[in-house]
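Each protein sequence line maps, in turn, to chains A and B. Under my numbering, the first residue of the first sequence carries the number 874, and numbering increases by one thereafter. Under my numbering, the first residue of the second sequence carries the number 111, and numbering increases by one thereafter. Each remark here refers to the structure printed beneath this line.
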Amino acid sequence: MKTSDDLLGQDFTETIRVAIVDDHPAVLVGLSNMLSTHREIEVVATFSSARQLSTVDPAMAVDVLLIDLRMPDVGGIEAIGLASSRFPLARILIISSYETDEEIFRAIRAGAAGYITKNAPQEEITLAIRRVKSGKRYLNPRLAKKLSDRLERDALTPREIEILHLVARGLTNRQIGAQFSISEHTARNHVNNIINKLQAQDRTEAAVLALKRGIIQLDAI
Amino acid sequence: MIRARLLFIVVLCVSSRSAAASDLAANAERVEPIGQLRSSVLLPAVRHTVRGVISRVGSPLFIQDRTGGAEVELRVPNPSLRIGDEVRVSGTLVMMRYSARLEMAQLEVLAPGVPEPAVSLTASMAASGNYDRVYVETEGVLRATRRTAESLWLLLDGVREPFVAELPLNEMAVNASMFALQSRLRVRGICIMDDRRSGEATPFALKTVTMEDVTVVSPPPFWNRTHVLELVGVLLLAGISLMAFYVRMERWRFGLILDERTRMAHDLHDTLAQSFTGVAYQLQAIRNAIRSGADNVEKQVALASAMVADSQEDARRSIAMLRPADLDTGNVLENLRQQGEALVHGAEVRFTLESSGDVERVAPELGYILLRIGHEAITNALRHARASHIAIALRVVEDLVILEVKDDGCGISQGSLRVRGFGMRAMHARAHSYGGTLEVHSNPGEGTMIRASIPLRARRTWRSRLFSILGEEMMQK
Chain A
874 MKTSDDLLGQ DFTETIRVAI VDDHPAVLVG LSNMLSTHRE IEVVATFSSA
924 RQLSTVDPAM AVDVLLIDLR MPDVGGIEAI GLASSRFPLA RILIISSYET
974 DEEIFRAIRA GAAGYITKNA PQEEITLAIR RVKSGKRYLN PRLAKKLSDR
1024 LERDALTPRE IEILHLVARG LTNRQIGAQF SISEHTARNH VNNIINKLQA
1074 QDRTEAAVLA LKRGIIQLDA I
Chain B
111 MIRARLLFIV VLCVSSRSAA ASDLAANAER VEPIGQLRSS VLLPAVRHTV
161 RGVISRVGSP LFIQDRTGGA EVELRVPNPS LRIGDEVRVS GTLVMMRYSA
211 RLEMAQLEVL APGVPEPAVS LTASMAASGN YDRVYVETEG VLRATRRTAE
261 SLWLLLDGVR EPFVAELPLN EMAVNASMFA LQSRLRVRGI CIMDDRRSGE
311 ATPFALKTVT MEDVTVVSPP PFWNRTHVLE LVGVLLLAGI SLMAFYVRME
361 RWRFGLILDE RTRMAHDLHD TLAQSFTGVA YQLQAIRNAI RSGADNVEKQ
411 VALASAMVAD SQEDARRSIA MLRPADLDTG NVLENLRQQG EALVHGAEVR
461 FTLESSGDVE RVAPELGYIL LRIGHEAITN ALRHARASHI AIALRVVEDL
511 VILEVKDDGC GISQGSLRVR GFGMRAMHAR AHSYGGTLEV HSNPGEGTMI
561 RASIPLRARR TWRSRLFSIL GEEMMQK
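Here is the structure:
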């Protein structure tokens, strides 16, 4: 339907059907209300957990799925996977309070079409929704820069990420070795690799950088 | 007439000679106390006779009686003499500084005797001079040894007087290493006041005969230089390790504080920050509605104010978690229920309470620990597990109190159990601080059961005590 009084002064022939997944009710309600005030957007469903996605009517059509990355039961990459298997045609747009380069990288790699932060102005949110709906990607320049930074770096192996968690908890090489049943020497090699890959000065800086970039997250420590 | 004069002369001569002879004889016969030889007013050339007991054979010979000792130089050496023989000695008197000496002496054994025991003296008594040439016994601490051509000298420290002991080398296979420095020795020997052969400035020397004359009273005391140095080293090491331990403890404490801060930050992020985000979106929605002249603005504003009220509730909850209420620890169960309901605040959560056994036996201190564990368990159940039913049970079985908090929430995976958060660690720490244990049984989707089993009377190791002191101090902040 055409509207002459569209707030954003743009005309759309089609309504974009949006579904939102966020664990916090206030965000869910506020965001859905805000998006609903846009004529071209229709919020068709809200979910407080990615798990709920599997319970919906498969016939429901969703164009854009807004997903919070950090949720207590199923979050992040897993949620993206769940969503894309449930709504194979939907485009996934991440809306997160965090903007660490690792999370952006992982989300995009997992198949998200875009990434915005929760504090983005609504114009950016709606722009992102429209962009991903039209088949493009959306990352604002700041997030795009973070993603390219991340792509330049050597990726940490899963083992190194495991070890990084323990480094961040303040464990010594010996304790790390004991935890994974590897020698202290091997643990030290791993830690040295981590420090090199993150281009850090020492293990403390490596842990801080890893947290900053979202390679590891505090609640998992 | 001439004949008579001659006779007179002869008689005179005879009488004078016999008088001289009888005079000599009388003098030789007079036995003097040895101690009085030095004060004798008689001419030195006159022979003096003393009676005494041999205290040392050889050359010179030493004799002594109750008044003192003297040296004797025999005219004819007599190898059959024994220590202890009672003898009469007459000889030419030679004065010495503290005693006397009889030279060209003749000796007569009066009786074979038993050796007299040494006079036991302190070093300062021996130094007085009254015991010169007497067989004495005294004690001192060995400070040094020195070897000369024919003797081994021990330099000893009496109470106030240093002295030396001479051990003849010819007779015995002695060497300095037989005596440990700083050991306390008892030395028997002839006290010689004016012996300077040792080269030491000591008031007297003890001339010993055999090894038996030197006995060890006590070995070197512990407080010698080496041991003191070792002890200082050990203390230093202990100090350093204590410091290291303290630093570690501080780091651990600091880690706990950081954990707590992290948890608070998360808590605030999960609740307040999200609420604000939601409210911000809602306000944006209202603005959009006003601009577009929509008619449901009032409804949207009402929703916004409800969201703000909800945020206030979040804030209240966060604060409640930061500062657990000052608790009456008497009724643990009732307290836990109240706390739980305060945390829930209106949400649809049911609490079931159950107690068995003599729960009155729970001491206030233990009650406090149970409350903190229970509080943490309930908070977890509400915050993370989204439970709708929480069962709290308190049982006293024999000498054990068991607190169980069971919920029907989403559970915790074994993986995240291992990577315990602050709350879990704090619960374990509290249970351990009283000698108890904490079990967590949980599987995703099956709820969580936390069971603390704590003895009614604390079984505390020093470690758990330390843990509880440091831990509680921090946790109460």
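Cβ atoms here follow ideal geometry from the backbone N, Cα and C, with glycine treated the same way. Computed from a prediction, not measured in an experiment: that's the story for all the values here.
- Counting C-beta pairs closer than 8 Å gives three or more between the stretch 255 to 264 of chain B and the stretch 289 to 298 of chain B, which meets the contact rule.
- Counting of Cβ neighbours within 10 angstroms places B:G477 among the buried residues, the total reaching 16 or more.
- By DSSP's assignment, B:S552 forms a beta bridge with B:T558.
- Across the structure, B:F332 and B:D323 are spaced so that their CA atoms are roughly 25 Å apart.
- Between B:I483 and B:M537, the gap from beta carbon to beta carbon is short of 8 Å.
- One thing to note: B:R148 has its Cβ no nearer than 8 Å to the Cβ of B:S200.
- Excluding the 5 residues flanking it on each side, B:L347 has no same chain C-beta neighbour closer than 6 Å.
- A direct Cα-to-Cα measurement between A:I1002 and A:L1024 gives close to 25 Å.
- With respect to chain B, the C-beta atom of A:D946 has a partner C-beta closer than 8 Å.
- Shown in chain order are the members of the stretch 481 to 503 of chain B whose Cβ falls below 7 Å from a Cβ of chain A: H494.
- Restricting attention to B:H551, B:T558, B:S563, the CA atom closest to the CA of B:S543 is found in B:S563.
- If you look at B:Q174, you'll find it in the beta strand (DSSP E) that goes 171 to 175.
- Among the residues facing chain A, B:S421 is included, as its CB has a counterpart in that chain under 8 Å away.
- In the same chain as A:G949, and ignoring 5 residues on each side of it, the C-beta atoms closer than 6 Å to its own belong to L942, in chain order.
- A:H1063 is outside the set of residues whose beta carbon lies under 8 Å from a beta carbon in chain B.
- Interface annotation for the stretch 373 to 393 of chain B against chain A: R373, A375, H376, H379, D380, T381, A383, Q384, S385, F386, T387, G388, V389, A390, Y391, Q392, L393, criterion Cβ-Cβ distance under 9 Å.
- A:Q995 has a beta carbon lying within less than 8 Å of a beta carbon in chain B.
- Between the alpha carbons of A:Y988 and A:T928 lies a gap of roughly 25 Å.
- Here the C-alpha atom of A:V947 lies approximately 33 Å from the C-alpha atom of A:N1062.
- Look at A:H1038 here: in three-state DSSP terms it is helix.
- Taking a contact to require three or more Cβ pairs closer than 8 Å, the stretch 176 to 194 of chain B and the stretch 208 to 227 of chain B qualify as touching.
- Listed along chain B are Y391, Q392, Q394, A395, N398, each with a C-beta nearer than 8 Å to that of A:M907.
- The stretch 1038 to 1054 of chain A makes no contact with the stretch 1001 to 1015 of chain A; the number of CB pairs closer than 8 Å stays below 3.
- Residues of the stretch 895 to 925 of chain A whose Cβ lies closer than 9 Å to any Cβ of chain B, in chain order: D895, D896, H897, P898, A899, V900, L901, V902, G903, L904, S905, N906, M907, L908, S909, T910, H911, R912.
- Residue contact check for B:G365 against chain A: a CB pair falls below 8 Å.
- If the five residues before and after A:D1027 are omitted, its C-beta is found closer than 6 Å to the C-beta atoms of K1070, all from its own chain and listed in chain order.
- Rounded to the nearest angstrom, the Cβ distance from B:G179 to B:I144 is 6 Å, consistent with a contact under 8 Å.
- Sequence-distant Cβ neighbours of A:S970 in its own chain, meaning closer than 6 Å and more than five residues away, are K991.
- Comparing alpha carbon positions, the residue from B:L291, B:I522, B:I512 closest to B:N490 is B:I522.
- Within the stretch 970 to 995 of chain A, those residues whose Cβ lies closer than 9 Å to any Cβ of chain B are, in chain order, S970, K991, N992, P994, Q995.
- Contacts with chain A at 8 Å (Cβ-Cβ) include B:L413.
- One Cα belongs to B:L212, the other to B:V197, and the distance between them is close to 13 Å.
- Taken through DSSP and simplified to helix, strand or coil, B:K317 comes out as strand.
- Nearest neighbour of A:K1019 by Cα position, chosen from A:E975, A:A993, A:E1033, turns out to be A:E975.
- Contact note: A:G1043 reaches chain B through G365, using a C-beta cutoff of 7 Å and chain order.
- The beta carbon of B:D468 sits closer than 7 Å to the beta carbons of V506 from its chain, once the five residues preceding and following it are set aside; these are given in chain order.
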